[in-house]
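A.B. asks: Please find one structure pasted underneath; my questions will follow.
In the numbering used here, the protein residues as written are 529 to 746.
Spelled out as structure tokens, the structure:
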């Protein structure tokens with residue numbers, strides 16, 4: 529069961545951001561975290577997303593500039609040909625968009641690797657703050673967005689900007705199994721694992737040898 533959910537939102541024309549509401553927007557938050565701790569958690573996640581998330585807005589700008597330069601170069605060439613001049617150096621303008629297109633393609637191909645590195649950093653950070661907040665019986669996690677993640681639940685403002693909910697950060701009740709997985713805690717076996725163990729009988733066999741039995745007759 530998810531107690532609270534927050535979103536990592538990516539945009540085409542500006543950096544991705546960690547979106548969350550104010551402390552007062554979560555009426556039940558005071559039962560789990562004080563305001564100071566909540567603000568600290570939100571600030572640390574915002575900093576992590578801003579510094580390490582593989583943003584896409586730079587590629588969007590590079591692609592737009594590439595298209596614009598290509599159109600300008602084509603227009604210049606058409607004008608020169610129409611005036612009867614035979615010049616070749618305007619075609620050098622096409623070198624710039626070609627190099628930029630290569631850069632965009634290279635960054636796009638490395639997107640999965642950059643996202644994988646970010647997920648590693650995010651999961652490490654979530655485990656760290658989960659260990660700090662274990663006394664409040666909550667744990668932090670991340671997952672892909674689902675149909676239940678509406679704008680109201682994630683406290684996202686209604687906007688016309690093109691955006692995509694990349695990941696959802698969740699606060700959930702801390703389970704005993706998750707608690708013992710945290711650093712510094714003794715790892716106990718799960719019930720399902722221990723209940724399937726075979727119990728061996730220890731001691732002498734439970735029978736009486738026939739030759740050791742003596743009978744008394746009266």
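Glycine residues also receive a C-beta, built at the ideal position from the N, C-alpha and C atoms.
Values in this document were obtained by computation on a predicted structure and should not be read as measured data.
Beta-carbon within less than 6 Å of residue 594's beta-carbon, same chain only, minus the 5 sequence neighbours each way: which residues are those?
C.D. replies: Excluding residues within five positions, the ones whose Cβ falls inside 6 Å are 625, 628 and 629.
A.B. asks: Here's the rule: buried if 16 or more other CB atoms are within 10 angstroms of the residue's CB, otherwise exposed. What is residue 641?
C.D. replies: So residue 641 ends up on the exposed side.
A.B. asks: Would the beta-carbon of residue 538 fall within 9 Å of that of residue 645?
C.D. replies: No, the pair does not count as a contact, with Cβ atoms beyond the cut-off.
A.B. asks: Can you tell me where the beta strand (DSSP E) holding residue 667 begins and where it ends?
C.D. replies: Run containing residue 667: 666-671, per the beta strand (DSSP E) assignment.
A.B. asks: Could you have a look at residue 625 and say whether DSSP puts it in helix, strand or coil?
C.D. replies: DSSP places residue 625 in helix when its eight states are reduced to three.
A.B. asks: Hey, how far is the Cα of residue 648 from the Cα of residue 536?
C.D. replies: Answer to the nearest angstrom: the Cα atoms are 15 Å apart.
A.B. asks: Would you report the Cα separation of residue 589 and residue 639, rounded to the nearest angstrom?
C.D. replies: Going by the C-alpha atoms only, they are around 16 Å apart.
A.B. asks: Is it the case that the Cβ atoms of residue 667 and residue 622 are separated by a distance below 9 Å?
C.D. replies: Not a contact, by the Cβ cut-off of 9 Å.
A.B. asks: Please work out which residues of its chain come closer than 6 Å, Cβ to Cβ, to residue 720, disregarding the five sequence neighbours upstream and downstream, and give them in chain order.
C.D. replies: Note that residue 720 scores 45 on pLDDT, short of 50, meaning its location in the model is unreliable; the coordinates nonetheless yield the value given after this. Correct list: empty, nothing qualifies.
A.B. asks: Run through DSSP, which three-state label would residue 588 get?
C.D. replies: In the structure shown, residue 588 sits in a helix (DSSP, three-state: H, G or I).
A.B. asks: Per DSSP, residue 546 is paired with what?
C.D. replies: 536.
A.B. asks: Alpha carbons only, please: which of 636, 592, 610 and 651 is nearest the one belonging to residue 577?
C.D. replies: The option with the nearest alpha carbon to residue 577 is 651.
A.B. asks: Mark residue 547 as exposed unless 16 or more other C-beta atoms lie within 10 angstroms of its C-beta, in which case mark it buried.
C.D. replies: Flag for residue 547 reads buried.
A.B. asks: DSSP has residue 693 in a bridge; who is on the other side?
C.D. replies: Bridge partners of residue 693: 537.
A.B. asks: Hey, how far is the Cα of residue 656 from the Cα of residue 540?
C.D. replies: C-alpha separation (whole angstroms): 31 Å.
A.B. asks: Give me the Cα-Cα distance between residue 669 and residue 543, rounded to the nearest whole angstrom.
C.D. replies: When rounded, the distance between both Cα atoms is 23 Å.
A.B. asks: Is residue 571 near residue 696, with beta carbons less than 9 Å apart?
C.D. replies: In this structure, residue 696 does not lie closer than 9 Å to residue 571 by Cβ.
A.B. asks: Taking the beta carbon of residue 562 as the centre, do at least 16 other beta carbons fall within 10 Å, making it buried, or is it exposed?
C.D. replies: That one is exposed.
A.B. asks: If you draw a straight line from the alpha carbon of residue 551 to that of residue 601, how long is it in whole angstroms?
C.D. replies: Cα-Cα distance, rounded: 53 Å.
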